[in-house]
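In the working numbering, each residue's number is its place in the sequence shown (first place is 1) plus 305.
These notes concern the structure reproduced below.
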Amino acid sequence: MMQNDLTKGPIGKGILVFLLPLLASTLIQQLYNTVDLIFVGKFCGTKATAAIGASSLIITCLIGFFNGMAVGTNVVTAHIYGKQDEKGLKNIIQTVFMVGLFGGLILTIIGIYFAPIFLRYMNTPDSILDIAIKYLRIYTLSMISVVIYNLLCGILRAIGDSKSPMKFQIFGGLVNVGADFIFIVILKMGVEGAAVATFLSQALTAILTIVYFYRRIEEPKLQFTLSIFNKEIFRRILMIGIPAGVQSIVITLSNIIIQSQINSFGVDAIAAFTAYFKIELILYLPIITLGQGLVSFVGQNYGAGQYDRINRGIKSAMIVSVIITMGVSTLMIINSKYIFGIFTSNSEVIRYGWNIVSITFPFYFLYAILECLSSQIRGRGISIPPMVITLLSFCGIRIMFLIVLLRKYNSISSIAITFPISWLFAVILTSMYSYYTFSKESKETVC
C-alpha cells in the first residue's frame with residue numbers, strides 16, 4: 306500500500322507532482338454543484354438558483370465535523386506512513402470506513418428531518434422555501450457517500466496517492482454532467498433533478514474508492530465490520546479531528562448568519578452570492594488543495610523528524626501561491642462580468658456579483674498565506690491553536706464587522722468587505738503563533 310514518499314527528493318517537484326492530480330480531483334468534485342448551478346440557472350431560472358444557494362451552507366455545515374475528521378485522518382496516516390508502519394495503515398483504513406458509514410447515516414437522517422427548520426432559520430424567502438427543502442432533502446441522501454469518500458481520500462493524500470482520487474472524480478464528474486442533462490433538460494425535474502444527479506455521481510465515486518482500497522490491500526483482506534474497529538487510532542484521529550471539525554462547523558454557522566443577511570436583500574442578491582461562491586472556487590480550491598498537500602508533506606516529514614525540510618517547503622509554497630493567486634485574482638476581476646454571465650442572464654445579479662468580486666479578490670492572496678501557515682501547524686498534529694485563531698477571525702471579527710457595517714451602510718458591499726478583514730486578522734495571529742512556536746525547532750523559522 307506504500308505510495309509517494311514526500312520525505313525524500315526535491316521538495317518543489319515532489320509537492321507539485323503530488324498536488325496536480327489532487328487539484329484536478331478537487332476541481333472535479335466541486336464541478337458537481339457548479340454544473341448543477343449552470344444547468345439550473347439556464348433552464349430553471351433565478352429562483353431555482355437561489356434555492357440551491359440557500360441550501361449550500363447547510364450542506365457544508367452538516368458535513369463540517371467529518372471534514373475535520375478527514376484532516377485528523379490525513380495527519381495520523383501521514384505520521385504512520387512517515388514511520389513506514391504497514392499494519393497501522395491497514396488499521397486506519399478499516400476504522401475510518403466504519404466511522405464514515407455510521408457518520409454519514411446520521412447526517413442523512415438529520416438533513417431530511419430538519420431541512421425545513423434549517424432553511425427557515427436562515428430567513429429563506431417564502432418564494433423559494435419549498436424548492437430549497439426538496440433540494441436539500443434529496444441531496445442529504447448522498448451524505449454517506451460524501452463522508453466515506455472524503456475520509457478515505459484523507460488516507461490517500463497522506464500516503465502520497467493523488468492520482469487515484471482524480472480518476473474516481475473524472476468518472477463521477479462525467480456521470481454528473483450526463484445525469485444533469487437527463488434530469489434537468491430532458492425530464493425537466495428542476496432542482497430535484499440536480500440533486501438526484503449529484504447523488505448518483507457521488508455514490509459511484511464512493512463505491513469506486515471502496516473497491517480500490519479492498520483490491521489494493523494485501524492479505525489479510527479488509528474486513529468492514531465493527532470487530533476491526535481500532536479504538537486507539539480512532540482516539541488519535543479525534544484528538545486532531547474534533548477541533549478541526551468544530552472549527553469547520555462554527556465557521557459555517559457564522560456563514561449561515563451572513564447568508565441570512567444576504568437573504569434579506571432578496572432573490573437577486575442570493576443568486577449573486579451563490580454564483581460568486583462558485584466562481585470563488587477557481588481561487589479557493591487551488592489554495593485549499595495546496596493546504597491538503599502541505600499537511601501530507603509536513604505530516605510525513607514530521608513523522609520522519611525532518612523539521613528543516615518542513616520549513617523550506619512551507620516557504621517555497623507560500624511564495625509561489627501568493628504570486629499565482631494575485632495573478633489569477635486580477636484576471637478574474639477584469640473578466641468578472643463575463644464569468645457571472647455564464648451562470649445567469651439577469652443584469653442585476655451580474656452587477657451585484659461584479660461588486661462582490663471587486664471587493665474580495667484583490668485581497669485573496671491573504672488566504673493563500675493563511676493556508677500555508679495553518680498547514681504547517683496541522684501537519685504536526687497541532688489542532689487547537691488553528692481552531693482558536695480561525696474562530697476568533699472568521700467568526701468573531703467577521704460577525705462583529707458585519708453588524709457594525711450593516712447598521713451604518715446596509716449594503717451588499719458591507720457584507721463582502723467582512724471577508725478580507727477576517728483573512729487579515731487570521732494571517733496576523735497565525736504568523737505570530739508560527740514564529741514563537743516553530744522557531745524553537747531550528748534556527749530557520751517559517752515566518
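Even glycine gets a Cβ: it sits at the ideal position worked out from N, Cα and C.
Predicted, not measured: the structure shown is a model, and the values here were computed from it.
Candidates Ala355, Gly405, Ser727: closest to Asn651 by CA position
For Asn651, the closest alpha carbon among the candidates Ala355, Gly405, Ser727 is that of Ala355.
Where does the unbroken alpha helix (DSSP H) through Ile487 begin, and where does it stop?
From DSSP, Ile487 is part of no alpha helix (DSSP H); its letter is neither H nor E.
Should Val516 be labelled buried (16 or more other beta-carbon atoms within 10 Å of its own) or exposed?
With fewer than 16 Cβ atoms within 10 Å of its Cβ, Val516 is classed as exposed.
Count the other C-beta atoms from every protein chain shown that fall within 10 angstroms of the C-beta of Asp431, then say buried if there are 16 or more, exposed otherwise.
So Asp431 ends up on the exposed side.
Going by beta carbon distance, what residues of the same chain come within less than 8 Å of Leu678, once the five residues before and after it are set aside?
Cβ within range, chain order: Ile619, Met623, Val732, Thr735, Ser736, Ser739, Val751, Cys752.
Let's test the definition: count the other Cβ atoms within 10 Å of the Cβ of Arg470 and tell me whether it reaches 16, buried, or not, exposed.
Per the sequence shown, residue 470 should be read as Pro rather than Arg. So Pro470 counts as buried.
So within the region 543-593, which uninterrupted alpha helix (DSSP H) runs reach at least 4 residues, ignoring any that extend past its ends?
Fully contained in the region 543-593 are the following alpha helix (DSSP H) runs of length 4 or more, in chain order: 572-584.
State the CB to CB distance for the pair Leu410 and Ile449, rounded to an integer number of angstroms; the pair is presumed to be in contact (CB under 8 Å).
Contact annotation, Leu410 with Ile449: C-beta distance approximately 6 Å; criterion of less than 8 Å satisfied.
Among residues of its own chain, excluding the 5 on either side of Leu710, which ones have a beta-carbon nearer than 6 Å to its beta-carbon?
The residues are Ser719.
Considering only residues of the same chain and omitting the five flanking positions on each side of Val603, which have a CB-CB separation below 7 Å?
Residues Ile615, Ser680, Gln681, Gly684, Arg685 of the same chain have their beta carbon placed closer than 7 Å to that of Val603, with the five preceding and five following residues left out of the count.
Give me, in chain order, the residues of the same chain whose beta-carbon lies closer than 7 Å to that of Ser621; leave out the 5 immediate sequence neighbours on both sides.
Answer for Ser621: Ile316, Gly317, listed in chain order.
For Tyr607, which option in Phe344, Ile343, Leu327, Gln389 has the closest C-alpha, if you only look at C-alpha atoms?
Out of Phe344, Ile343, Leu327, Gln389, Gln389 has the C-alpha closest to the C-alpha of Tyr607.
Please classify Gly428: does DSSP put it in a helix, a strand, or coil?
Correcting the residue identity first, residue 428 is Asn in this sequence and not Gly. Asn428 falls in the coil class under three-state DSSP.
I believe Gly373 touches Ile547 by the beta-carbon criterion, under 8 Å. Please report the beta-carbon distance rounded to the nearest angstrom.
Confirmed, about 7 Å.
Can you tell me whether Gly416 is buried or exposed? The criterion is at least 16 other CB atoms within 10 Å of its CB, across all chains shown.
Around the CB of Gly416, 16 or more other CB atoms lie within 10 Å, so the residue is classed as buried.
Near the ligand NAD: Leu558 beta-carbon under 7 Å from a heavy atom:
With respect to the ligand NAD, the structure shown offers nothing to examine, as it has no ligands at all.
Give me, in chain order, the residues of the same chain whose beta-carbon lies closer than 6 Å to that of Pro525; leave out the 5 immediate sequence neighbours on both sides.
Residue placement at Pro525 cannot be trusted, given a pLDDT of 47 that sits under 50; the coordinates are not used to answer.
Quick one: residues in its chain with C-beta nearer than 7 Å to the C-beta of Tyr418, no 5 flanking neighbours on either side, listed in chain order?
Contacts found: none.
7 Å CB neighbourhood of Ser569 in its chain, flanking five on each side removed
So the qualifying residues of the chain are Asn428.
Could you tell me whether the region 340-349 touches the region 587-604, using the rule of 3 or more Cβ pairs below 8 Å?
Because the criterion of three Cβ pairs below 8 Å is not met, the region 340-349 and the region 587-604 do not touch.
At least 3 beta-carbon pairs within less than 8 Å: the region 442-460 vs the region 548-557:
Touching, no.
By DSSP, does Pro525 sit in helix, in strand, or in coil?
Residue confidence for Pro525 is low, a pLDDT of 47 falling below 50, so the modelled location carries little weight and cannot support an answer.
Looking only at C-alpha atoms, which of Arg520, Lys493, Leu513, Gly477 sits nearest to Leu505?
Comparing Cα positions, the closest option is Gly477.
Do three or more CB pairs link the region 636-653 to the region 699-710 at distances below 8 Å?
Segment contact: the region 636-653 against the region 699-710, fewer than three CB-CB distances shorter than 8 Å; contact not assigned.
What residue from Ala463, Gly571, Leu636 has the CA that sits closest to Lys352's CA?
Nearest option by C-alpha distance: Gly571.
Round the Cβ separation of Thr413 and Tyr454 to the nearest angstrom and send it over; I've been treating them as touching at under 8 Å.
About 14 Å; that fails the 8 Å criterion.
Three or more C-beta pairs closer than 8 Å, one from the region 585-597 and one from the region 669-678: is that the case here?
Segments in contact, yes.
Ser641: first and last residue of the uninterrupted alpha helix (DSSP H) it sits in:
Here the alpha helix (DSSP H) through Ser641 covers 641-648.
Rounded C-beta distance between Ile397 and Ile545? I'm assuming under 8 Å.
About 13 Å separates the CB atoms of Ile397 and Ile545; that is not less than 8 Å, and the two are not in contact.
Rounded to the nearest angstrom, what separates Gly358 and Thr400 at their Cα positions?
About 34 Å.
Taking 7 Å as the limit between beta carbons, can you name the residues of its chain near Val480, skipping five residues before and five after?
Excluding positions up to five away in sequence, the list reads Leu505, Ser506, Leu509.
By Cβ distance, which residues of its chain are closer than 6 Å to Ser330, with the 5 residues on each side in sequence left out?
Residues Pro470, Met471, Gln474 of the same chain have their beta carbon placed closer than 6 Å to that of Ser330, with the five preceding and five following residues left out of the count.
Where Val496 and Ile436 are concerned, what is the direct C-alpha to C-alpha distance, given to the nearest angstrom?
One alpha carbon belongs to Val496, the other to Ile436, and they sit about 7 Å apart.
On a Cα-Cα basis, can you pick out the residue from Phe648, Ile717, Leu492, Phe488 that is closest to Val501?
Among Phe648, Ile717, Leu492, Phe488, the Cα nearest to that of Val501 belongs to Phe488.
Are Ile753 and Gly377 touching if we call contact CB-CB under 8 Å?
One cannot answer for residue 753 here, as it falls past the ends of the chain, which runs 306 to 752.
Where Phe699 sits in the DSSP three-state scheme:
It is helical.
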